[in-house]
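Asks: The structure is given below, and queries will be raised subsequently.
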Amino acid sequence: MTDTFDIAILGAGPAGMAAAARATQLGASVVVLDEQPNPGGQIYRNVDQASDVQHRILGPDYSHGRVLTQGLRDSGALHRAGATVWDVTRDGVVTYSQNGKPEQISARHLILATGATERPMPLPGWTLPGVMTAGAAQILLKSGGLVARDPVLIGCGPLLYLLAAQMIAAGRKPRALIETQSRSDMWAARGDLAGALRGWRYLVKGAGLMAKIMAAGVPRYTGARDIALEGQGALTSVRFTVRGKSHEIATDTALLHHGVVPNTQISRALRLDHVYDQTQRCFLPTVDALCTSSEPAVSIAGDGAGIGGAKVAAISGQIAALGAACQLGLLTPHALQSAVAPLQRQRAHELHARPFLDRSYPPAAQSLSPADATIICRCEEVAAGDIRRFAKLGCKGPNQAKAFGRAGMGPCQGRFCGLTVTELLAQETGQSQDETGALRIRAPLKPVTLGELAAYDASSQDT
Amino acid sequence: MTTLVIGGGVVGLSVAYGLLKQGAQVTVIDGSDTDARASRGNFGLVWIQGKGAKAPHYAAWSRSSAKLWQGFAKDLKEATGIDIAFSQIGGVEYFTDADALAQDAAGLQGLQDHFDGDYPFEVLEHSRLKQLVPEIGPKVVGGIHSPMDGHVNPLLLLRALSVAVQQMGGRLQTGAKVTEIAGGDRAYTVTLETGERIEGNALVLAAGLGSAEYGADLGFDAPVRPQQGQVLITEKLPFFLKYPSGRIRQVNEGGVQIGASKAETGADSTDLPTLQDLARYAVDVFPLLEHVQLVRSWAALRVMSPDGLPIYQRSTKFAGAHFVTCHSGITLAAAHAGLLPDWIQDRNTAPDLSLFSESRFNV
Amino acid sequence: MFDPLEPQGTNQVQFQFEDRQLSAPQGATVASALLGAGITAFRDTPVSGAARGPFCLMGACYDCLVSINGVTVQACMTPVQDGLQVKRVGSRQVDSEGAV
Chain A
1 MTDTFDIAIL GAGPAGMAAA ARATQLGASV VVLDEQPNPG GQIYRNVDQA SDVQHRILGP
61 DYSHGRVLTQ GLRDSGALHR AGATVWDVTR DGVVTYSQNG KPEQISARHL ILATGATERP
121 MPLPGWTLPG VMTAGAAQIL LKSGGLVARD PVLIGCGPLL YLLAAQMIAA GRKPRALIET
181 QSRSDMWAAR GDLAGALRGW RYLVKGAGLM AKIMAAGVPR YTGARDIALE GQGALTSVRF
241 TVRGKSHEIA TDTALLHHGV VPNTQISRAL RLDHVYDQTQ RCFLPTVDAL CTSSEPAVSI
301 AGDGAGIGGA KVAAISGQIA ALGAACQLGL LTPHALQSAV APLQRQRAHE LHARPFLDRS
361 YPPAAQSLSP ADATIICRCE EVAAGDIRRF AKLGCKGPNQ AKAFGRAGMG PCQGRFCGLT
421 VTELLAQETG QSQDETGALR IRAPLKPVTL GELAAYDASS QDT
Chain B
1 MTTLVIGGGV VGLSVAYGLL KQGAQVTVID GSDTDARASR GNFGLVWIQG KGAKAPHYAA
61 WSRSSAKLWQ GFAKDLKEAT GIDIAFSQIG GVEYFTDADA LAQDAAGLQG LQDHFDGDYP
121 FEVLEHSRLK QLVPEIGPKV VGGIHSPMDG HVNPLLLLRA LSVAVQQMGG RLQTGAKVTE
181 IAGGDRAYTV TLETGERIEG NALVLAAGLG SAEYGADLGF DAPVRPQQGQ VLITEKLPFF
241 LKYPSGRIRQ VNEGGVQIGA SKAETGADST DLPTLQDLAR YAVDVFPLLE HVQLVRSWAA
301 LRVMSPDGLP IYQRSTKFAG AHFVTCHSGI TLAAAHAGLL PDWIQDRNTA PDLSLFSESR
361 FNV
Chain C
1 MFDPLEPQGT NQVQFQFEDR QLSAPQGATV ASALLGAGIT AFRDTPVSGA ARGPFCLMGA
61 CYDCLVSING VTVQACMTPV QDGLQVKRVG SRQVDSEGAV
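Here it is, written out as structure tokens:
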């Protein structure tokens, strides 16, 4: 028989953990499904197991995650770790694999807390071994106990500086920072500065990171263009230009980052409403002030509903839990209002600096409109020029382009090409990103062996 | 003299390609990115065995297309440079149920008798089948091999047709939502949602399930309904599966495709019990697939007529309007490109398609 | 290349990548274990045969695929264990036999 819960939470990052703690306080029966062996999500990954050295390097913001993991443990919510979700239905049935065995639960309400993924950053040579995301390097610091030797950090945004500062704290300063934002981006962001000053803590933090990077003497190149990752079979060097001057740096490790974007695989698979956000340059699922999606029985909390960071995620997790509890009759609308109002104020406050950051560190233009020869679909090795050619053949959207050239058909299911395909088609056809649309996502959300699928017990559907 | 083709799927584009080859002027009007598209979701078979077991004229029509396929694929490659991975070395149906095997074999025998022996197939019991296809599992009781069958990459076909049609001077208007088709004898005006009007002297309605919406204005019943099929595809594997079957084939990129369920629904979403049945069958037939990763699944909608056979109908209301629909647009693509243009242009070399008219549903 | 943040503890597991004997800290993923051993290329793609290694390390990109017990798995989502045999996923050399 399928176990039934009031609320199923997908993801045990800050949003999921906070939602679980709050929902159980309100009397809901809660299950949390997460792919990792330990709670924390990517931001607090391995936080309970990390050594003192790791905590010192990663800093107090990371260590704060222990409050949330403790909250999850104390909540009484059932935490199913190592659970890879591969199907979710609108009526709350979730199918997942745990230790290679298919399992299923059902819930009256779903809270999606699947967080963010790195914004795809197609550059020439970005598929070479040795080229990874900045997030990957952080994961190695947090859970692998490894630090990159002499890497070049490429892209823009606060996470790039955070990683650089953490590496410096680990005694391993990066070889160089190759930054894609320019002075004109900062100038364009000036209108958002007043708002950002209300979220001044983020700015002070950013200034502190920058001071560490400068003090360590890490070379910085800003306004970098024409970036190319080069090597035969593995990365050996990075070339780029700054204001017309060419540079080349020999390295076997490059770490890319130009922002993160919501992981919308499940919200897309459920065919919830999404709209393109011009500031964050990505699709966001539509949610109301209580984190409820276009489907009332599905809420979305945390970065999966729009990038806000870990603190915002934890707050929105609580808001989503309150909203769900009210729908389930565990909380009166009046009690809901008085409980969410302070959380909503707190969330708004935490988001003050966001537009300034988004405009100061826009996605790298070179990756939003890659050169024709640049691979944009890593799985099927489809190049940007292929997508442009399909647009000329009449492809107006990513699903027809997928049929024409396989972008999005590989095992990652478009996680690392979907946004780029939409951008490229929109550029070519003159349609908006919303008109262009997104790849359709279907089960299995993650590959599953035929044997596992065959072993799934269909009779358990009758709940 | 422009022919308007309503529908830019494999059926519409095959007809357009054939018309262009005969020197006609053609405008193809195609819908949106998220429309139901059998051309994107089909199984990619050029399949003969078992088709038309109760309708030999359909068996014969399918076979005439299969015979044209080699040349059709070659022409497309010459025109576009795209190799659509067509292979016609025969196909094998695998059976895990002895009664089902006997029943299908009897159907094929009937066709063989009808065609005076000119309908090659062979029933193979387990051990003989294992010589031909060593990877089969113990649950396979036997199979039917027919040299008439083949397969193709249907998505490359779709792209090649799209390239060819435009290279040959055809106009392909995509992302177009048709709001009205005004008919008259040899005078058609198609109005799009954008307000744009497109005029032509002849019209081919090949809009799949969308045909039902436009048929009445043109004098067609267009009795089509959706029948859903779900398909799985695995990670890319070394090439091992030489013969395609109606339910399992290895595509040219390496993935093993498993299909296809049948459900009388217009929902284009997959469901787990169905996917599980497909997976179980595949593992029963080829146990080596047990540890293979399934990377994608999809549901597509077949375009079905009441008897499942194609409909080829000239409008009784206006001269120059034609309705074309079928659920085997891949198998029939070569006939649609090679033989239908004569029928559309009313030449005396046109094939006799009277048995495929809509009037068969009104008796 | 990647270096350990701290001196390696005693809690090490032994595993194999192709014919190389390697060790890694208990609790590491196969991906971090291989990176720690200086291996960045885990496989060749089935499309072009190009070498690939880990990219996102969070289970999203499917570039760190390896073969364990005949199953293709994500190295970044698989814990390393004593005696584990990890194989490189080779380019599949898909043969288009029978195509025109």
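Protein chains in written order, with the working numbering: chain A, 1 to 463; chain B, 1 to 363; chain C, 1 to 100. The beta-carbon is built from N, C-alpha and C at its ideal position, and this holds for glycine as well. Keep in mind that this is a model prediction, so the values were computed, not measured.
#1: Under 8 Å: do the region 232 to 242 of chain B and the region 293 to 302 of chain B share three or more Cβ pairs, one atom per stretch?
#2: With H, G and I counted as helix, E and B as strand and the rest as coil, what does DSSP make of A:H334?
#3: Can you tell which of B:L4, B:G18, B:V5, B:A36 has the C-alpha that lies nearest to the C-alpha of B:G303?
#4: Ignore the nearest five residues each way along the sequence and tell me which others in A:V85's own chain have a CB closer than 8 Å to its CB.
#5: Of the residues B:H322, B:R249, B:T27, B:F95, which one's Cα is nearest the Cα of B:F86?
#6: Check distances from the C-beta atoms of the region 43 to 61 of chain C to those of chain A and list, in chain order, the residues that come in under 9 Å.
#7: Less than 8 Å between CB atoms is the rule here; does B:R171 satisfy it with respect to chain A?
#8: Which chain B residues are close to C:V71, counting only those with a beta carbon under 9 Å from its beta carbon?
#9: Between the alpha carbons of B:F239 and C:T45, how many angstroms are there, rounded?
#10: So which of B:N362, B:S359, B:S354 has the shortest CA-CA distance to B:Y58?
#11: Return the first residue and the last residue of the beta strand (DSSP E) that B:W298 is part of.
#12: What are the boundary residues of the beta strand (DSSP E) that B:S197 is part of?
#13: From the beta carbon of C:E6, is the nearest beta carbon of chain A less than 8 Å away?
#14: Could you confirm whether any beta carbon from chain C is found closer than 8 Å to the beta carbon of A:T133?
#15: Taking Cβ-Cβ distances shorter than 9 Å, what residues in chain A pair up with C:D3?
#16: Check the Cβ of B:T34 against every Cβ in chain A and list those closer than 8 Å, keeping chain order.
#17: If the cut is a Cβ gap below 7 Å, which residues of chain A does C:A28 touch?
#18: Helix, strand or coil: which one does DSSP assign to B:G266?
#19: Let me check understanding here. Comparing Cα to Cα, which of B:V165, B:T316, B:H114, B:H151 lies closest to B:Q25?
#20: Going by other Cβ atoms of all chains shown within 10 Å of its Cβ, with 16 needed for buried, is A:D462 buried or exposed?
#21: Using 10 angstroms around the beta-carbon of B:D118, count the other beta-carbons present and answer buried if the total reaches 16, otherwise exposed.
#22: How about B:E358: is its Cβ closer than 7 Å to a heavy atom in the ligand FMN?
#23: On the CB-based measure, 16 or more other CB atoms within 10 Å of its CB, does B:N252 come out buried or exposed?
#24: Counting Cβ pairs closer than 8 Å, one from the region 16 to 24 of chain B and one from the region 377 to 386 of chain A, do we hit at least three?
#25: What in chain A is Cβ-close to C:S32, meaning under 9 Å?
#26: Roughly how far, in whole angstroms, is the beta-carbon of C:T40 from the beta-carbon of A:G130, given that I think they are within contact range, below 8 Å?
#27: Please compile the residues from chain F whose C-beta is within a distance smaller than 9 Å of the C-beta of A:G130.
#28: Quick one: grab the DSSP three-state call for A:H109.
#29: Can you find at least 3 beta carbon pairs, one from the region 161 to 176 of chain B and one from the region 408 to 421 of chain A, that sit closer than 8 Å?
#30: Between the region 228 to 256 of chain A and chain C, which residues of the former have CB atoms less than 7 Å from a CB of the latter, in chain order?
#31: Among the residues of its own chain, which have a CB less than 7 Å from the CB of A:Q98, if the five just before and after it don't count?
#32: Figure out for me which residue from C:Q16, C:M1, C:L5 has the closest Cα to the Cα of C:D82.
#33: Pick helix, strand or coil for C:K87, following the three-state DSSP scheme.
#34: Thinking B:A222 and B:D30 are a contact (beta carbons under 8 Å), I'd like their distance in whole angstroms, please.
#35: Identify every residue that forms a DSSP beta bridge with A:I300.
#36: Inspect the CB distances between the region 269 to 289 of chain B and the region 199 to 206 of chain B and report whether three or more fall short of 8 Å.
Replies: The short version:
#1: yes
#2: helix
#3: Here residue 303 of chain B is Val; the residue named in the question, Gly, does not match the sequence. When each option's Cα is compared against that of B:V303, the closest is B:A36.
#4: L10, L33, E35, V94, T95, Y96, I266, L445, K446
#5: B:R249
#6: T45, V47, S48, A50, A51, R52, G53, P54, F55, C56, L57, M58, G59, A60, C61
#7: no
#8: H291, V292, Q293
#9: 15 Å
#10: B:S354
#11: 293 to 304
#12: The sequence given here places Arg at residue 197 of chain B; Ser does not occur at that position. First-last of the beta strand (DSSP E) with B:R197: 197 to 200.
#13: yes
#14: yes
#15: L146, V147, A148, R149, R172
#16: G397, N399, G437, R440
#17: G144
#18: coil
#19: B:V165
#20: Only weak support is given to the placement of A:D462: the predicted model assigns it a pLDDT of 41, under 50, and the value that follows is read from those uncertain coordinates. Answer is exposed; the Cβ neighbour count stays below 16.
#21: exposed
#22: This structure simply doesn't include the ligand FMN, nor any ligand for that matter.
#23: buried
#24: no
#25: I139, L140, S143, G144, G145, L146
#26: 5 Å
#27: The structure shown contains no chain F; its protein chains are A, B and C.
#28: strand
#29: no
#30: G233, A234, D252, T253
#31: R80, G82, A83
#32: C:Q16
#33: strand
#34: The Cβ separation is near 18 Å, so there is no contact.
#35: A:L112
#36: no
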